[in-house]
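Residue numbers (UniProt numbering): 1 to 417. We put the beta carbon where it would ideally sit given N, CA and C, even for glycine. Predicted model only: the values in this text are computed from it and were never measured. All remarks here apply to the structure that follows.
Encoded structure:
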């Protein structure tokens, strides 16, 4: 409830003449800001009286602008939220279209208050109500992008990449018209974070790596983005595409100073990782990196398993399902499933012999998805057998011809007529 002094002052203003009201409203607002112990209640009462008054738009607009300036100075976020929500409702009932600029400024300040209280979702929801398609004035691509970027970042703070992605798509439609370089960098960062949260780790790694080379970004932040690029690359599905990203990172002069350089080096060189190394690396990961899938494995578990499977292909020409499962720390059936999946997706070169329960490895993977894989596996052994038989027959014929040329009499006596 408003203080007695403010209530009395508002009653006097209501009874004053139209010419006296603007100066009296201004004086009372200054008094509330400087000395009120009930800022929220007093500002609410002030706004209610001001917007209920029969002042013309020419008189009301500067008074409302002064109120917005005073509103911004409120330090208590809870008080600011209480007042801001009340004033926005009052403006809507009066027709916010006439006071779009003040409405927008109040919503930005209200969003600040929500963020002070770590309520990023309500901040995003408030910002989303700002009219960016104003009929009163043209809103530039830069101004639109700044609002949408802030909404995206708020949703990411709330771990809601789906809502963030919706607003990121709005920015994509105008990003080529955005001139502000900082906004563009924030767009790239938001995009990388969303790709990371969606487990599109290779794309996220590329985004983080691009940011790590951005001159506008502070040196410490560039190093942090390089570290994020390394983490996302490690978590990406093993295969030729990840191999290219690993090579890019490994050859970067800054990588040797990165915290996770040791694991980057081992993975790049296709060396098997120990449980201790994996445990130390997992301690640095975000919660979504460690979420378990239906098979009970985390993203890291799968990434390491696939890496070790790829590493095994460099050490062995072939390996049995049981031995592969033992090497990977899983049962033979799962080992076969992972090998089959990587073979099918072109991330591993070779084939599976299900009869003898073996995986055969063949050089470097193409990275291209395979078709007719089962037929190829079965036909491969038959073609190999045919080639061996043909080769043997040719050798026998060659020896026979040599005997005929050197020992014709013997050859003639042995030939069956």
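Assigned exposure category for residue i - 16 Cβ within 10 Å defines buried
i           : result
residue 292 : exposed
residue 49  : buried
residue 385 : exposed
residue 275 : exposed
residue 312 : buried
residue 333 : exposed
residue 58  : exposed
residue 209 : buried
residue 372 : Unreliable positioning characterises residue 372 in this predicted model, as indicated by a pLDDT of 49, which lies under 50. The coordinate reading is nonetheless provided below. With fewer than 16 Cβ atoms within 10 Å of its Cβ, residue 372 is classed as exposed.
residue 407 : exposed
residue 410 : exposed
residue 294 : exposed
residue 342 : buried
residue 245 : buried
residue 18  : exposed
residue 79  : buried
residue 239 : buried
residue 387 : exposed
residue 11  : exposed
residue 111 : buried
residue 399 : exposed
residue 152 : buried
Check whether residue i and residue j have beta carbons under 8 Å apart
i           : j           : result
residue 145 : residue 156 : no
residue 320 : residue 357 : yes
residue 207 : residue 188 : yes
residue 31  : residue 65  : no
residue 355 : residue 340 : no
residue 81  : residue 120 : no
residue 6   : residue 45  : yes
residue 364 : residue 349 : yes
residue 4   : residue 16  : no
residue 318 : residue 361 : yes
residue 198 : residue 161 : yes
residue 289 : residue 211 : no
residue 2   : residue 38  : yes
residue 94  : residue 55  : no
Cutoff 8 Å; reference residue i; Cβ partners in own chain excluding five residues on either side
i           : result
residue 106 : 68, 71, 84, 87, 88, 91
residue 213 : 222
residue 216 : 181, 182, 185
residue 139 : 132, 133
residue 248 : 209
residue 109 : 68, 71, 72, 80, 84
Alpha-carbon spacing of residue i relative to residue j, whole angstroms
i           : j           : result
residue 190 : residue 299 : 21 Å
residue 147 : residue 127 : 7 Å
residue 310 : residue 175 : 39 Å
residue 124 : residue 237 : 33 Å
residue 232 : residue 359 : 28 Å
residue 284 : residue 230 : 12 Å
residue 338 : residue 253 : 34 Å
residue 172 : residue 27  : 47 Å
residue 243 : residue 393 : 43 Å
residue 166 : residue 344 : 33 Å
residue 404 : residue 307 : 58 Å
residue 98  : residue 104 : 12 Å
residue 22  : residue 63  : 7 Å
residue 314 : residue 257 : 28 Å
residue 74  : residue 43  : 10 Å
residue 122 : residue 170 : 19 Å
residue 177 : residue 228 : 29 Å
residue 395 : residue 414 : 19 Å
residue 137 : residue 287 : 44 Å
residue 377 : residue 297 : Residue placement at residue 377 cannot be trusted, given a pLDDT of 48 that sits under 50; what the coordinates show is reported in the next sentence. Spanning the two alpha carbons is a distance of roughly 29 Å.
residue 412 : residue 402 : 13 Å
residue 143 : residue 302 : 42 Å
residue 13  : residue 168 : 48 Å
residue 159 : residue 255 : 29 Å
residue 130 : residue 141 : 14 Å
residue 100 : residue 218 : 36 Å
residue 60  : residue 150 : 30 Å
residue 20  : residue 33  : 21 Å
residue 250 : residue 200 : 20 Å
Chain-order list of residues whose beta-carbon lies under 7 Å from that of residue i (same chain, five-residue window excluded)
i           : result
residue 304 : 273, 278
residue 204 : 192, 195, 196, 232
Chain-order list of residues whose beta-carbon lies under 6 Å from that of residue i (same chain, five-residue window excluded)
i           : result
residue 374 : Model confidence at residue 374 stands at a pLDDT of 46, short of 50, so the residue's coordinates are unreliable; what they give is reported in the following sentence. Correct list: empty, nothing qualifies.
residue 281 : 263
residue 322 : 332
(message) Under 8 Å: do the segment 318-337 and the segment 256-269 share three or more Cβ pairs, one atom per stretch?
(response) These segments do not touch.
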